[in-house]
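Peer 1: Please see the structure below; I have some questions.
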Amino acid sequence: MAVKKILLTGASGRIGRTCFKAMRKTYDFILTDLHKPDDEIGSPHQFFQADLSVPGAAEKLLAESEPDAIVHLAGIPDPDATFEQLLPANILSTTWLLQAAAASSCRRFVFASSAQTIEGYPVDVQIHPGLAVAPANLYGVTKCYGEALCSFYATQHGLSCVALRIGAFEPKDVNALKSARDYSAWLSPEDAVKLITRAIEAENVTFFIGYGISDNRFKRFDLSRTREVLGYQPTDDAFREYKPGPVLFE
Numbered sequence: 001m002a003v004k005k006i007l008l009t010g011a012s013g014r015i016g017r018t019c020f021k022a023m024r025k026t027y028d029f030i031l032t033d034l035h036k037p038d039d040e041i042g043s044p045h046q047f048f049q050a051d052l053s054v055p056g057a058a059e060k061l062l063a064e065s066e067p068d069a070i071v072h073l074a075g076i077p078d079p080d081a082t083f084e085q086l087l088p089a090n091i092l093s094t095t096w097l098l099q100a101a102a103a104s105s106c107r108r109f110v111f112a113s114s115a116q117t118i119e120g121y122p123v124d125v126q127i128h129p130g131l132a133v134a135p136a137n138l139y140g141v142t143k144c145y146g147e148a149l150c151s152f153y154a155t156q157h158g159l160s161c162v163a164l165r166i167g168a169f170e171p172k173d174v175n176a177l178k179s180a181r182d183y184s185a186w187l188s189p190e191d192a193v194k195l196i197t198r199a200i201e202a203e204n205v206t207f208f209i210g211y212g213i214s215d216n217r218f219k220r221f222d223l224s225r226t227r228e229v230l231g232y233q234p235t236d237d238a239f240r241e242y243k244p245g246p247v248l249f250e
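Under full-length UniProt numbering, the first residue of the sequence shown carries the number 1, and numbering increases by one thereafter.
Okay, structure coming up:
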């Protein structure tokens with residue numbers, strides 16, 4: 001069986017670097033970002049420096065790389081960002097990339113959405129599949145736009161799309177979780193790799209919104225449909241890994 005070619009945007013970001021390092025022996029990667037990653041890339045993988053917010057850049061990149069799937073991690077993940085800051089990376093890049101993907105031979109588009117699409121709900125409300133979006137900031141609004149655009153290209157143009165609402169992605173070596181919400185929304189690097197791999201490989205998906213958290217004792221998201229549709233089986237638990245004190249939950 002031929003090895004799949006994966007176009008990975010945001011390759012210099014935290015999740016991008018984590019995925020490439022863990023999956024480089026499984027797939028042939030075409031990496032792209034505004035800046036080249038510090039880590040060695042190595043054959044057969046390639047890096048293309050590109051600004052995907054520029055019209056025509058995505059079409060050129062896909063024509064040169066011809067990926068089987070795209071994992072779109074690029075974007076500004078800042079809840080405090082202004083619309084002017086978010087527009088190029090979160091709106092325009094996603095728009096041009098999806099448009100180019102639908103016109104290419106790419107068959108799966110994995111979109112890194114965010115838990116910020118639903119942060120308008122109280123922290124003690126578990127988010128179930130099908131619950132209406134409730135962004136609490138403009139960053140979340142841009143991710144709602146990306147999800148809607150994925151649905152459009154999936155249902156109207158035949159491009160299989162998986163949107164992943166990523167939670168609090170943090171490494172295990174430093175506990176950066178500050179609140180009960182962070183613990184319930186934690187996504188470990190190992191589980192992130194599992195999630196994105198399943199988003200690439202899951203069959204018979206037209207459009208699906210999955211949830212990106214680990215198997216935390218208390219979960220911000222209900223993972224039942226993500227497990228069922230994608231075959232995602234997380235194993236880490238923030239409450240076991242970091243053992244928060246009772247003061248955090250008073």
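Just so you know, even glycine gets a beta-carbon here, dropped at the ideal spot from N, CA and C.
Remember, it's a predicted structure, so these values are computed and weren't measured experimentally.
1) Touch check for the region 202–215 and the region 32–40: three-plus C-beta pairs under 8 Å?
2) Per DSSP, which one or two residues make a beta bridge with I6?
3) Could you work out which residue in V162, N137, Y183 is closest to F221 when comparing CA atoms only?
4) Compare the C-alpha of H157 against each of L149, L164, A163 and name the closest.
5) DSSP three-state label for L86, please.
6) Check I209 in the structure and name its three-state DSSP category.
7) Our contact map puts residue 251 next to D191 with C-beta atoms below 8 Å; I'd like the distance itself, whole angstroms only.
8) Checking 8 Å against the spacing of the C-beta atoms, do L31 and Q46 come in under that value?
9) Could you say which of Q233, L187, T94 lies nearest to E241 if we only look at CA atoms?
10) Determine the extent of the beta strand (DSSP E) in which F218 is found, giving its start and end residues.
11) Between Y153 and the rest of its own chain, which residues show a CB-CB distance below 6 Å, the 5 nearest in sequence each way excluded?
12) Between which two residues does the beta strand (DSSP E) holding S151 run?
13) Which word fits Q49, buried or exposed, when buried means at least 16 other C-beta atoms lie within 10 angstroms of its C-beta?
14) Taking C-alpha atoms, which residue in C106, L131, F111, N137 lies nearest to I196?
15) Is it buried or exposed for T155, if we count other Cβ within 10 angstroms and need 16 for buried?
16) With distance defined between alpha-carbon atoms, name the residue in D68, C161, V54 nearest to Y27.
17) Reducing DSSP to helix, strand and coil, say where R107 ends up.
18) Report yes if the CB atom of K178 is closer than 8 Å to the CB atom of Y232, and no otherwise.
19) Can you tell me the Cα-Cα spacing of G146 and L7, whole angstroms?
20) Restricting to Cα atoms, I'd like to know which of K25, L52, A199, S151 is closest to I166.
21) If I'm right that I118 touches V133 with Cβ under 8 Å, what's the distance once you round it to whole angstroms?
22) Helix, strand or coil, according to DSSP, for E250 in the structure here?
23) For a test of the three-state rule: what should DSSP assign to S53, helix, strand or coil?
24) Evaluate K25 with the Cβ neighbour count: other Cβ atoms within 10 Å of its Cβ, from every protein chain shown; 16 or more gives buried, anything less gives exposed.
25) Once the 5 residues before and after L138 are set aside, which same chain residues still bring their CB inside 8 Å of it?
26) With a threshold of 7 Å on Cβ separation, who are the neighbours of S214 within its own chain once the five nearest residues in sequence on each side are excluded?
27) Answer yes or no: do N90 and I70 have a C-beta to C-beta separation smaller than 8 Å?
Peer 2: Let me lay it out:
1) no
2) F29, A69
3) Y183
4) L149
5) helix
6) strand
7) The chain is shown only over 1 to 250; residue 251 falls outside these bounds and no answer can be derived.
8) yes
9) L187
10) Taken as a continuous stretch (DSSP letters only), F218 belongs to no beta strand (DSSP E), as it is neither H nor E.
11) L98, A102, L159
12) Element bounds for S151: not the beta strand (DSSP E) but the alpha helix (DSSP H), 138–157.
13) exposed
14) F111
15) exposed
16) D68
17) coil
18) no
19) 18 Å
20) A199
21) 6 Å
22) Low confidence applies to E250: its pLDDT is 45, below 50, so where it sits in the model is not reliable, and the reading given next is rough at best. Here E250 sits in coil by DSSP.
23) coil
24) exposed
25) A81, T82, F83, L86
26) W186, L187, S188, D191, P234, D236, D237, A238
27) no
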